[in-house]
Amino acid sequence: MFRIECNSIIGLTLVALLMTKTAFAESDNSTSFMSIAGGRISAEVNKEREEVIKQRNNVSNPVVGKEKSQLCQGCHGEFGISANTQIPKLAGQFSNYISKQVRNYQSGKRTHQIMSAMAATINDDDLADVADYFASQDKMKGSGSADNLIGKKLFSNSNVSNLGLACINCHGEKGLGLKPQISVFPVIGGQHKDYIRRQLVNFREGNRTNSPNGMMNKMAGSLTDAEIESLAEYVSQQRESSGEPTQPAVVSQQVARKSRSK
Ligand code: HEC
Ligand code: HEC
1255 MFRIECNSII GLTLVALLMT KTAFAESDNS TSFMSIAGGR ISAEVNKERE
1305 EVIKQRNNVS NPVVGKEKSQ LCQGCHGEFG ISANTQIPKL AGQFSNYISK
1355 QVRNYQSGKR THQIMSAMAA TINDDDLADV ADYFASQDKM KGSGSADNLI
1405 GKKLFSNSNV SNLGLACINC HGEKGLGLKP QISVFPVIGG QHKDYIRRQL
1455 VNFREGNRTN SPNGMMNKMA GSLTDAEIES LAEYVSQQRE SSGEPTQPAV
1505 VSQQVARKSR SK
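Numbered continuously in the working numbering, the sequence shown closes out at residue 1516.
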């Protein structure tokens, strides 16, 4: 039992790392704007792998980040928890993912009538502080009450779209992000259901095409409306259980328990 779990954890991490590498290789080769942005993004993501926990919990200048995000707070909430379910929560989202999305709105790689206009109001320096501010807030969470079992199965099974990849491989357990943290793959667990549903439809219909290598378009490509509904419900329900240990800690506890019982 232990061996199987251990192998699957390593397997998932490998898949994620491989996907990350491919994603960066691709963005470095795109149009000239993206290659500038891509270079910067990949440099920052490498940095974030070591620093993201620090960024979440101990932002370098939270006062500045909070001040600079007044406009954003108007829609995304003072602490990154939006009241309107069409507007995404940003609390505890990866800082580099937030920056990447805003840059995508600025360049037109991702479009939205309101958000594209908002993105045009912020410069790169302020964006870094603002993204850090939202990333450092308590992570977004759902009710944690019940699981949509169909959604849970779809999320964890590798045969969605027959691509041999499950959502969990890239978005982590319960959609709460990978451990170790890889900011290319956004936190989606505990996000608003309405927002998740709309993004999956956008990816499926090709209205959102900014994921690296179009990976989300491939993932959502053959989802039915009913599957999207179940997935959106399951994902939005999730939250981190209090004091949840990281994967390696779970494994080491199991080892400890096993060796005690012998
Ligand atoms: C008037 C309301 C409004 C304001 C103000 C606003 N946003 Fe948004 N934001 C939205 C909406 C609506 C979306 C969803 C757009 C879509 O579906 O593509 C969004 C999406 C985003 C996303 C994508 C999140 C994800 O999970 O992919 C980021 C990041 C973001 N906003 C950051 C900001 C920042 C930073 C500011 C301040 C400069 C800001 N927003 C100001 C309404 C707003
Ligand atoms: C191969 C890796 C991979 C797999 C598998 C994957 N995703 Fe994603 N997903 C991504 C990446 C990368 C992004 C961010 C795209 C970007 O940069 O805009 C993303 C974005 C999303 C978003 C938008 C989040 C936001 O805040 O706007 C949703 C929702 C989502 N994925 C749901 C799913 C679901 C549901 C599945 C399974 C059916 C899935 N993903 C499978 C890599 C993956």
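We put the beta carbon where it would ideally sit given N, CA and C, even for glycine.
**OP:** Note down, in chain order, each residue of its chain lying with its Cβ closer than 6 Å to the Cβ of A1474, except the 5 sequence neighbours on either side.
**Re:** So the qualifying residues of the chain are L1454, F1457 and R1458.
**OP:** Give the straight-line distance between the Cα atoms of S1286 and S1361, rounded to the nearest whole angstrom.
**Re:** Here S1286 scores only 26 on pLDDT, less than 50, and its place in the model should not be relied on; the value that follows carries that caveat. Approximately 12 Å between the Cα atoms of the pair.
Original post:
Thinking C-alpha only, which one of S1490, Y1449, F1388 and N1402 is nearest E1321?
Top reply: Of the listed residues, the one whose Cα sits closest to E1321 is F1388.
**OP:** Go ahead and pull the three-state DSSP assignment for I1450.
**Re:** Reduced to three states, the DSSP call for I1450 is helix.
Original post:
Is any heavy atom of ligand 2 found at a distance shorter than 6 Å from the C-beta of P1434?
Top reply: In this structure, P1434 has its CB at a distance of at least 6 Å from all heavy atoms of ligand 2.
Original post:
Are the Cβ atoms of A1385 and I1352 separated by less than 7 Å?
Top reply: The answer is yes: Cβ separation under 7 Å.
Subject >> Cβ-heavy atom distance, C1424 to ligand 2, below 6 Å >> reply: A heavy atom of ligand 2 is found nearer than 6 Å to the CB of C1424.
Subject >> Reference N1464, options D1378, K1363 and Y1449, closest by Cα >> reply: Comparing C-alpha distances from N1464 to each of D1378, K1363 and Y1449 shows the shortest one belongs to K1363.
Original post:
Residues in its own chain within less than 8 Å of K1395 by CB, not counting five upstream and five downstream?
Top reply: Excluding sequence positions up to five before and after K1395, its CB lies within less than 8 Å of the CB of G1443, G1444, Q1492, R1493 and E1494, all in the same chain and listed in chain order.
**OP:** Please find out if some non-hydrogen atom of ligand 2 comes closer than 6 Å to the beta-carbon of Q1391.
**Re:** Outside the cutoff, so no.
Original post:
Which residue from F1333, Q1340, K1393 and K1433 puts its Cα closest to that of Y1449?
Top reply: Ranking the options by Cα distance to Y1449, first place goes to Q1340.
Original post:
Taking buried to mean at least 16 other C-beta atoms within 10 Å of its own C-beta, is I1376 buried or exposed?
Top reply: Under this definition I1376 is a buried residue.
Subject >> 8 Å contact criterion, which Q1355 and V1441 should meet: CB distance rounded >> reply: So it is not a contact: roughly 12 Å between Cβ atoms.
**OP:** Consider the C-beta atom of F1333 and the heavy atoms of ligand 3; say whether any pair is separated by less than 6 Å.
**Re:** Summarising the ligand content, the structure contains ligand 1 and ligand 2 and does not contain ligand 3.
Subject >> Beta-carbon proximity of L1430 to E1481, cut-off 7 Å >> reply: No.
Original post:
Leaving out the 5 sequence neighbours to the left and right, which residues in its chain are closer than 6 Å to H1425 when beta-carbon positions are compared?
Top reply: Once the five neighbours on either side are set aside, the close Cβ partners of H1425 are F1439 and I1442.
Original post:
Under a Cβ-count criterion, where at least 16 other Cβ atoms within 10 Å of its own Cβ denotes burial, should S1390 be classed as buried or exposed?
Top reply: S1390 is buried by the Cβ-count criterion.
Original post:
Expressed to the nearest angstrom, what Euclidean distance is found between the alpha-carbon atoms of M1369 and G1319?
Top reply: C-alpha separation (whole angstroms): 19 Å.
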